[in-house]
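Numbering (my numbering), first residue to last: 1 to 380.
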């Protein structure tokens with residue numbers, strides 16, 4: 001008899017990002033071993049309350065079908081639905097809405113073991129309370145492990161998010177790299193630093209050389225703008241209109257395309273065709289997109305914030321720069337656009353590094369945690 005496990009994720013497909021990918025990918029891979037159900041917020045009335053997602057994973061949506069209200073209702077409603085499922089283990093992924101729901105599950109499903117996975121650095125509301133509640137805690141980056149320890153939880157285990165290597169490999173085999181292609185994938189929100197990317201592109205075209213502090217990977221000044229630069233921005237969010245306006249104001253709109261939301265296969269194609277991935281986040285718990293970019297053979301530029309340095313080793317698997325630094329971002333972009341040897345070396349090292357983050361490996365690590373929490377449960 002398989003152990004029944006409920007995964008709490010306040011959001012799920014079609015509202016999928018890094019935390020939601022973790023919930024769905026590990027559920028899909030562990031379904032043959034455990035009886036797994038994902039409980040999420042409904043968000044829209046046209047979404048069915050009960051369905052199955054990729055891999056045959058049961059998905060239960062709770063709420064009234066409101067994007068505005070359902071995330072806030074989720075911590076209140078989910079515990080009642082979880083209680084009916086009678087799981088032996090409840091796993092909350094993301095410490096905000098799902099973490100609060102997990103806390104309340106402690107009152108409604110007292111016999112169930114509870115596991116929390118930390119996924120964000122952006123919110124601290126009730127975080128100490130949410131951290132104290134579960135039987136075990138994991139985190140997707142060393143930055144989150146440190147943050148949890150500062151709040152008194154010292155037994156946090158590091159399990160990074162993963163990447164869909166087969167899908168990216170297939171895309172790379174099908175679509176060649178495009179010369180000068182620069183990619184960003186993510187939500188168009190202030191924390192992502194997309195305005196810095198646009199300003200750094202304008203800097204490249206307006207100055208004879210980037211004026212940032214000379215990094216160790218920039219052996220010489222770089223003169224003249226690259227002959228070809230094509231920036232593609234995948235994703236949507238509250239800043240889209242203002243960023244489009246900024247691109248026009250900076251005079252780089254002809255080199256920048258805002259593609260909006262794309263389905264997973266199309267995103268894989270964008271990764272495959274990009275030579276450079278540029279993510280200039282101001283805060284980032286981990287950043288799955290950096291792993292996806294590495295797996296697709298992109299030369300990666302990231303910032304020294306949150307969990308990004310766990311993934312991007314400066315000068316080895318990518319380039320790291322300070323956040324909110326237009327001049328140094330321009331220098332890094334220009335270095336990768338004009339130095340084929342540097343770009344190729346980082347691309348190859350990134351591919352090798354990403355092999356360690358296959359979702360199959362990550363799911364196996366979660367299975368080890370599950371089994372440790374449920375030593376008396378026999379698995380099929």
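Glycine included, each C-beta is placed from N, C-alpha and C at the ideal position.
Query, Result
"Taking all protein chains shown into account, decide if residue 310 is buried (16 or more other Cβ within 10 angstroms of its Cβ) or exposed.", "buried"
"Does residue 29 come out as helix, strand or coil in the three-state DSSP assignment?", "helix"
"For residue 283, which residues in the same chain have their Cβ closer than 7 Å to its Cβ, ignoring the five residues on either side in sequence?", "121, 122, 191, 305 and 306"
"Considering only the alpha carbon of each residue, which of 16, 1, 7 and 4 lies closest to residue 263?", "16"
"Roughly how many angstroms separate the alpha carbons of residue 134 and residue 159, rounded to a whole number?", "16 Å"
"Report all residues from its chain with a CB closer than 7 Å to the CB of residue 89; omit the five preceding and five following residues, and keep chain order.", "3, 5, 112, 113, 115, 370, 373 and 374"
"Check the C-beta distance from residue 145 over to residue 130 and give it rounded, since I have them as a contact under 8 Å.", "About 16 Å separates the two Cβ atoms, so there is no contact after all."
"Could you tell me the alpha carbon to alpha carbon distance between residue 365 and residue 247, rounded to whole angstroms?", "43 Å"
"According to DSSP, simplified to helix, strand and coil, what is residue 375?", "coil"
"Between the alpha carbons of residue 321 and residue 303, how many angstroms are there, rounded?", "5 Å"
"Grouping DSSP H, G and I as helix and E and B as strand, with all else coil, what is residue 11?", "coil"
"When you compare the stretch 327-334 with the stretch 194-203, are there three or more beta-carbon pairs, one atom per stretch, that lie closer than 8 Å?", "yes"
"What are the residues that DSSP puts in a beta bridge with residue 203?", "Looking at the DSSP assignment, residue 203 forms no beta bridge with any residue, so it has no partner."
"Write down the C-beta distance between residue 117 and residue 138 rounded to the nearest angstrom, noting that I regard them as a contact closer than 8 Å.", "5 Å"
"Could you tell me which whole alpha helix (DSSP H) segments of length 4 or greater appear in the stretch 227-304?", "240-250, 264-273 and 288-295"
"Out of 258, 185 and 179, which one is the CA nearest neighbour of residue 228?", "179"
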